[in-house]
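What follows is a short report on a single structure.
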Amino acid sequence: MRLSQNITKTLKNVPAEEQAINAKLLIRAGYIHKEMAGAYSYLPLGLRVIENIKTIIREEMNALGSLELLMTSLQSKDTWRPTGRWDDKVVDIWFKSQLKNGADVGFGWSHEEPIMMMARSRITSYRDLPASVYQFQTKFRNELRAKSGVMRGREFIMKDMYTFSRNQDELDEFYNRTKEAYLRVFERVGLGESTYVTFASGGSFTQFSHEFQTVTASGEDTIYVDESKRIAVNEEVYNDEILAQLGLNKSDLKQVKAAEVGNIFNFGAIKGEQMDVYFNDEFGKKQPVYLSSYGIGVSRLMGVIAEHFNDERGLIWHPNIAPASVYLLAIGKEKTISAADELYNILTGNGVAVIYDDRDVRPGEKFADADLMGIPWRVVVSEQFIENGHYEIKARTSDTLKHLNLTALLELVSDTKDKGTSQKKRKD
RNA sequence: CGGGGAUUGGCGCAGUUGGCUAGCGCGCCGCGUUUGGGACGCGGAGGCCGGAGGUUCGAGUCCUCUAUCCCCGACCA
Numbered sequence: 147m148r149l150s151q152n153i154t155k156t157l158k159n160v161p162a163e164e165q166a167i168n169a170k171l172l173i174r175a176g177y178i179h180k181e182m183a184g185a186y187s188y189l190p191l192g193l194r195v196i197e198n199i200k201t202i203i204r205e206e207m208n209a210l211g212s213l214e215l216l217m218t219s220l221q222s223k224d225t226w227r228p229t230g231r232w233d234d235k236v237v238d239i240w241f242k243s244q245l246k247n248g249a250d251v252g253f254g255w256s257h258e259e260p261i262m263m264m265a266r267s268r269i270t271s272y273r274d275l276p277a278s279v280y281q282f283q284t285k286f287r288n289e290l291r292a293k294s295g296v297m298r299g300r301e302f303i304m305k306d307m308y309t310f311s312r313n314q315d316e317l318d319e320f321y322n323r324t325k326e327a328y329l330r331v332f333e334r335v336g337l338g339e340s341t342y343v344t345f346a347s348g349g350s351f352t353q354f355s356h357e358f359q360t361v362t363a364s365g366e367d368t369i370y371v372d373e374s375k376r377i378a379v380n381e382e383v384y385n386d387e388i389l390a391q392l393g394l395n396k397s398d399l400k401q402v403k404a405a406e407v408g409n410i411f412n413f414g415a416i417k418g419e420q421m422d423v424y425f426n427d428e429f430g431k432k433q434p435v436y437l438s439s440y441g442i443g444v445s446r447l448m449g450v451i452a453e454h455f456n457d458e459r460g461l462i463w464h465p466n467i468a469p470a471s472v473y474l475l476a477i478g479k480e481k482t483i484s485a486a487d488e489l490y491n492i493l494t495g496n497g498v499a500v501i502y503d504d505r506d507v508r509p510g511e512k513f514a515d516a517d518l519m520g521i522p523w524r525v526v527v528s529e530q531f532i533e534n535g536h537y538e539i540k541a542r543t544s545d546t547l548k549h550l551n552l553t554a555l556l557e558l559v560s561d562t563k564d565k566g567t568s569q570k571k572r573k574d
């Protein structure tokens with residue numbers, strides 16, 4: 147993209163109402179716009195990050211054999227009746243409204259019940275199982291208090307996956323594969339080292355659910371991390387008995403703040419029984435469908451990453467999710483500008499995402515914006531090096547300047563992104 | 001939902017014990033000089049002071065109500 151065409155401008159001042167680092171940086175750099183507390187729009191740059199995160203998740207979910215679909219945001223009251231979760235006293239974060247005819251509708255805060263309703267008439271035989279679907283959806287949750295920028299919104303983007311299984315073993319097998327896939331997702335967005343599989347409350351369904359918690363000072367949860375085992379325990383289930391059960395020693399655990407970026411649930415047969423979703427097994431016997439559900443907060447993930455990777459100059463995106471790989475600018479007049487135009491076309495033609503700062507402003511401003519936006523590579527076309535066909539290149543994370551010819555430049559900026567799932571790579 | 005803080009051009013802020021055409025910085029527009037880390041000069045535009053009601057000769061400033069935002073806590077399937 148040409149920066150002269152971008153609708154946003156970077157800001158020197160942050161709106162005073164934003165305290166969270168993620169919101170400050172994302173707003174200053176032009177990634178998001180606040181509509182109201184807990185509701186943010188994704189501007190062109192922000193949307194690119196969201197889409198890049200989604201692409202990674204999509205690849206990993208597809209590799210599990212799950213199929214993408216898209217459910218509705220409007221939900222019927224009847225759908226939620228069997229489990230009692232339409233009741234505001236049971237679920238206190240509902241947004242609700244009425245149709246013109248007076249019928250109640252809810253705005254989806256989860257799609258567990260709706261997916262079961264959908265499955266009821268479609269999954270009728272053991273031959274239909276196992277099956278898995280996922281979606282990227284806007285969820286609505288009427289939080290009493292929105293906070294922390296995009297980390298706890300009333301409207302947010304979530305990837306939710308639902309898997310139907312014939313029995314507990316089959317469910318567990320998928321559950322464990324998904325756990326691995328989730329770890330790959332967090333690895334690929336750059337949070338691998340600071341994200342832990344965390345034992346958390348399983349609600350009324352199982353003893354535990356598994357959360358994926360990223361260590362960050364702005365996190366809302368307190369967890370106890372065993373760094374060598376790469377496992378953590380949420381404080382909500384932290385006690386001697388459970389530590390013994392998990393084989394963890396109190397002395398190995400470190401208490402840290404963390405943000406929940408993913409959560410996976412094992413519902414067993416309960417949802418199927420509650421919602422009357424049964425199938426006939428090979429003996430013609432009626433059996434409940436086993437359900438498991440898997441969530442990743444996509445927009446929250448962007449916030450956590452922004453919180454996690456930044457410095458005094460601004461954001462620092464991992465190459466896999468950055469809105470562009472290269473921030474290109476020319477210093478000088480006609481000659482360097484036309485050389486930069488040419489380089490822009492070459493890079494773009496080679497599939498490199500480029501933010502081309504073609505604005506008529508001084509270099510210092512462009513450097514500052516390149517840093518604030520957090521683009522992995524900064525490429526400068528200048529008179530000094532144009533003669534021998536060299537470009538100046540600098541990584542966002544380093545102060546070292548390199549001078550490379552076109553071939554070397556292309557190689558460098560294309561190499562930083564991974565090319566798909568590690569699963570895919572193995573198959574190749 | 002309990003407690004605390006805030007609301008004045010697009011953004012950040014100032015505005016004394018109520019007083020005259022509500023200021024400053026950033027940003028924006030025009031002209032010129034500039035061009036390797038957010039340049040400078042000159043000239044401009046832009047404000048129902050969150051909203052409603054009240055006190056007063058006079059309200060950004062005082063009173064009442066209300067809305068919104070932020071933070072701490074509670075909540076978070």
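In this note's numbering, the protein residues as written are 147 to 574. A virtual CB, placed ideally from N, CA and C, is assigned to each residue, including glycine.
Simplified DSSP assignment, three categories, for residue i
i              : result
arginine 266   : helix
alanine 292    : coil
tyrosine 328   : helix
glycine 393    : coil
aspartate 306  : strand
arginine 174   : helix
lysine 155     : coil
lysine 285     : strand
arginine 298   : strand
tyrosine 272   : helix
glutamate 458  : coil
methionine 182 : strand
lysine 479     : coil
aspartate 318  : helix
valine 236     : coil
Start-to-end residues for the beta strand (DSSP E) that takes in residue i
i              : result
glutamine 433  : 432-434
asparagine 426 : 424-426
aspartate 367  : 367-372
Close beta carbons around residue i, own chain, < 8 Å, minus the five adjacent residues each side
i             : result
glutamate 181 : Ser187
serine 294    : Ala166, Asn168, Ala169, Ser364, Glu366 and Gly449
lysine 573    : Low local confidence applies: a pLDDT of 35 at lysine 573 is under 50, so the model's placement there is unreliable, and no value is given.
glutamate 428 : Tyr272
Residue i burial status per 10 Å Cβ neighbour count (16 or more: buried)
i              : result
asparagine 168 : buried
alanine 175    : buried
leucine 215    : exposed
isoleucine 153 : exposed
threonine 546  : exposed
proline 434    : buried
leucine 157    : exposed
glutamate 357  : buried
arginine 291   : exposed
alanine 476    : buried
glutamine 314  : exposed
6 Å Cβ shell around residue i - same chain, five flanking residues per side excluded
i                 : result
lysine 400        : Val371
alanine 499       : Ala470 and Ser471
glycine 393       : none
phenylalanine 455 : Ile462
Pairwise C-alpha distance: residue j and residue i
i              : j              : result
serine 150     : glycine 230    : 53 Å
glycine 336    : glutamate 406  : 15 Å
glycine 510    : serine 528     : 14 Å
threonine 553  : alanine 209    : 33 Å
isoleucine 416 : serine 219     : 24 Å
methionine 307 : isoleucine 532 : 51 Å
asparagine 496 : leucine 489    : 10 Å
valine 526     : arginine 204   : 34 Å
glutamate 326  : aspartate 561  : 25 Å
Residues of its chain near residue i, where Cβ-Cβ distance is below 7 Å and the 5 sequence neighbours each way are ignored
i            : result
arginine 194 : Pro469
Span of the alpha helix (DSSP H), counted from its first residue to its last, around residue i
i                 : result
phenylalanine 413 : Careful: phenylalanine 413 lies outside any alpha helix (DSSP H), inside the beta strand (DSSP E) at 399-414.
tryptophan 226    : 223-226
serine 560        : 552-561
isoleucine 467    : That residue, isoleucine 467, is in no alpha helix (DSSP H); it is neither H nor E in DSSP.
isoleucine 196    : 190-209
Heavy atom of the ligand SAH within 6 Å of residue i beta-carbon
i              : result
asparagine 152 : Because no ligand of any kind appears in the structure shown, any question about the ligand SAH cannot be addressed here.
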